[in-house]
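In terms of the numbering used here, the numbers along the sequence shown are unbroken and rise by one, the last being 1024.
For each residue, glycine too, the CB sits at the ideal point set by N, CA and C.
This structure is a prediction, so every number in the text was calculated from the model and none was measured.
Since the structure comes first, as structure tokens, the remarks are kept for the end.
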Amino acid sequence: MAPKVLVSDKLSETAVQIFRDRGIDVDFEPSLGKDKDKLAEVIGQYDGLAIRSATKVTEKILEQATNLKVIGRAGIGVDNVDIPQASKKGVIVMNTPFGNSITTAEHAISMMMACARQIPEASASTHAGKWEKSRFMGVEVTGKTLGVIGAGNIGSIVIDRARGLRMKVIAYDPFLSEERATELGVRKVELDELLAKADFITLHVPLTEKTRNILSRENIAKLKKGVRIINCARGGLVDEEALAEALKDGRVAGAAFDVFAEEPATASPLFNLPNVVVTPHLGAATTEAQENVALQVAEQMSDYLLTGAVTNALNMPSVTAEEAAIMGPWVKLAEHLGAFIGQVTDEAIKAVNITYDGIVAEMNLDALGCAAIAGLMKSSNPDLNMVSAPVVAKERGIQISRTTQGQSGAFEAYIKITMVSEERERSVAGTVFSDGKPRFIQIKGINIDAEIGEHMLYSTNQDMPGIIGTLGNTLGENGVNIANFTLGRAERGRDAIALLQLDADLPEDVQEKLESSGKFTRVRPLHFEVA
């Protein structure tokens, strides 16, 4: 059955057609997003939800989204999606952070120019029949120093445009390397130096706890006298009240804001000040940008629903279509290894280390790690997946770590999971053979070679004669057919294991018979999703 997607906001017909062309069943209901009750009523029918800003994906909506796998936001802002709740439900949340980059950067440059030359006020005055030529004395930007806070995707485009205007550009960004700064033609500085030297400051960072009020009252006091501030990024980055005071007393010459702490902004300390330009969050408001983000979100959602490729997800590692094809067997192996640990462990898990050996260490380890944790956590909650399982593991205080190493053994590559609890440390390792099938190659440090099937039986015992006979006879007498049989031991007379692939689930009474034989320290039926 084809995946089904609901488009609940205004996306272009071209974007809707992309879903159809990719073989996805799509319902285009552009007004449905504003009706939260109706949306909650129908959302359970859909695998995907494509939105803009009008649809609010709340906890209530997600509770009803029983089949939902992916939410695609056409645009960069996801304030209208409850991402933590979506993660707990195992729903991937995607956005399109690059589709409106040029448009937003151009708007920042436009706002800077409008602020520098007082264009909105001059336009209003002239429309009113006045000719106040001497009133609107502006400043040139050529030769001025532009301070860019945030040199990421949009910030780097602003830097490029500003250098074309012959501005001197300095940038504050803790994640900006010296090599990248040289490539951009910008000098990297600390925030205090930027505040003291910039004639214009433009912000291009997301709103986080670290960036909230990055231009605080304290930092506004450090600004060079006569500076002009431009914010086309996110409301909340600037203390609007403190900035208004600085504008009124002349310490700040002007400001241009497209975003506000509260939106829709019907009131702000910056409103009605003569040296302030304001627009209603128009950073992405061009025909080209709106079309771009709509097409991108349709392609991204289609790729995920049809191939498993993950692009621009906020709660899941990205996996390209090429990676998904190559990594598929390794992702399945990681999940099987995690599932083994989860099913044979009864006590609380404190920590998990995942070792990647050989060529697998060069793959997308974030995605492989999510698969391993999903397999592990599903034993206690089958509804978890690669998105939700890491969230639950973190909530339970499980410490997740990983180790990478070059090829260290007979296999070209393998993955090993080591679990630590209060009582013990347990490990299992596996690899993928040339036929693409995952195999277990080590359990408890004991080397084996076992195919993985849907129904399996794992037993441990002290190495002694008669174990094979007890297993075979007991299962045979009770109508349980063995598809594959693997044995292993540490050394003669010490710990030994058996791993059997069965044609069907092991009945409880048969498990009890094996346990009561007195020959086994553990008998555990296992289940793996092999389809």
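By the 10 Å Cβ neighbour count, where 16 or more other Cβ atoms means buried, how is residue i classified, buried or exposed?
i: Ala621; result: exposed
i: Gly868; result: buried
i: Trp624; result: exposed
i: Ile536; result: buried
i: Arg710; result: exposed
i: Val1023; result: exposed
i: Ile819; result: exposed
i: Gln557; result: exposed
i: Pro577; result: exposed
i: Gly831; result: buried
i: Ala607; result: buried
i: Thr619; result: exposed
i: Pro496; result: buried
i: Pro514; result: What sits at residue 514 in the sequence shown is Asp, not Pro. Per the 10 Å Cβ criterion, exposed.
i: Ser881; result: buried
i: Lys626; result: exposed
i: Ala1028; result: Shown here, the chain extends from 494 to 1024; a query on residue 1028 therefore has no answer.
i: Gly890; result: exposed
Since residue i sits in a beta bridge, which residues does DSSP pair it with?
i: Glu918; result: Val913
i: His1020; result: His948
i: Pro931; result: Val925
i: Gly592; result: Answer by DSSP bridge pairing: none, since Gly592 is not bridged.
i: Val662; result: Leu639
i: Thr848; result: Thr896 and Lys909
i: Lys871; result: None; Lys871 has no bridge partner.
i: Lys497; result: Asp518
i: Gly565; result: Ala543 and Met587
i: Phe629; result: Answer is none; Phe629 lacks a bridge partner.
Can you grab the Cα-Cα spacing for the pair residue i / residue j, in whole Å?
i: Glu755; j: Val571; result: 15 Å
i: Asp518; j: Val769; result: 48 Å
i: Ser546; j: Leu1007; result: 59 Å
i: Ala943; j: Ile663; result: 59 Å
i: Ser920; j: Ile941; result: 13 Å
i: Asp685; j: Ala760; result: 30 Å
i: Met879; j: Ser616; result: 55 Å
i: Glu915; j: His697; result: 47 Å
i: Gly648; j: Cys725; result: 11 Å
i: Glu614; j: Ala739; result: 19 Å
i: Phe750; j: Arg744; result: 17 Å
i: Thr897; j: Ala854; result: 6 Å
i: Phe753; j: Asn712; result: 18 Å
i: Lys909; j: Thr597; result: 46 Å
i: Ala976; j: Ile961; result: 14 Å
i: Leu877; j: Met870; result: 7 Å
i: Leu700; j: Ile707; result: 9 Å
i: Thr589; j: Gly568; result: 5 Å
i: Phe1031; j: Glu599; result: Lying outside 494 to 1024, the shown extent of the chain, residue 1031 is not represented and no answer is given.
i: Gly946; j: Lys549; result: 42 Å
i: Gln611; j: Phe629; result: 6 Å
i: Thr979; j: Leu499; result: 48 Å
i: Arg982; j: Gly959; result: 14 Å
i: Asn966; j: Tyr951; result: 16 Å
i: Ala579; j: Ala806; result: 12 Å
i: Thr780; j: Glu506; result: 13 Å
Using only alpha-carbon positions, find the residue among the options that is nearest to residue i.
i: Gly719; options: Ile707, Asp732, Arg932 and Asp742; result: Asp742
i: Leu763; options: Ile723, Val574 and Ala655; result: Ile723
i: Ala817; options: Tyr797, Ser627 and Gly831; result: Tyr797
i: Lys581; options: Glu552, Glu599 and Gly568; result: Glu552
i: Ala827; options: Lys529, Ser901 and Leu858; result: Leu858
i: Val790; options: Leu700, Ile544, Lys529 and Val745; result: Ile544
i: Asp925; options: Arg628, Leu1019 and Gly821; result: One detail in the question is off: residue 925 reads as Val in this sequence, not Asp. Closest option to Val925, Cα to Cα, is Gly821.
i: Val885; options: Gln783, Lys681, Thr507 and Cys863; result: Cys863
i: Ala903; options: Gly923, Glu840 and Asp520; result: Gly923
i: Ala655; options: Thr695, Thr911 and Val632; result: Thr695
i: Arg705; options: Lys717, His829, Thr804 and Glu733; result: Glu733
i: Ile893; options: Gln900, Gly899 and Pro883; result: Pro883
i: Asn646; options: Thr559, Asp666, Leu736 and Val913; result: Asp666
i: Val509; options: Leu788, Lys871 and Ala865; result: Leu788
i: Lys529; options: Leu555, Leu992, Ala737 and Arg566; result: Leu555
i: Val682; options: Pro699, Met660 and Ala644; result: Ala644
i: Asn971; options: Tyr951, Gln1004 and Gln994; result: Gln1004
i: Leu999; options: Phe512, Ser505 and Met949; result: Met949
i: Met587; options: Lys562, Ser603 and Ala609; result: Lys562
Would you call the region 683 to 694 in contact with the region 637 to 651, where contact means no fewer than 3 C-beta pairs closer than 8 Å? yes
Whether or not the region 950 to 960 and the region 1003 to 1021 are in contact is what I'm after, with contact meaning three or more pairs of Cβ atoms, one per stretch, closer than 8 Å; do they touch? Counting Cβ pairs under 8 Å, three or more are found: they touch.
Counting Cβ pairs, one atom from each stretch, are 3 or more of them under 8 Å apart for the region 830 to 847 and the region 800 to 818? Flag = no, the region 830 to 847 and the region 800 to 818 do not touch.
Counting Cβ pairs closer than 8 Å, one from the region 931 to 941 and one from the region 984 to 1004, do we hit at least three? yes
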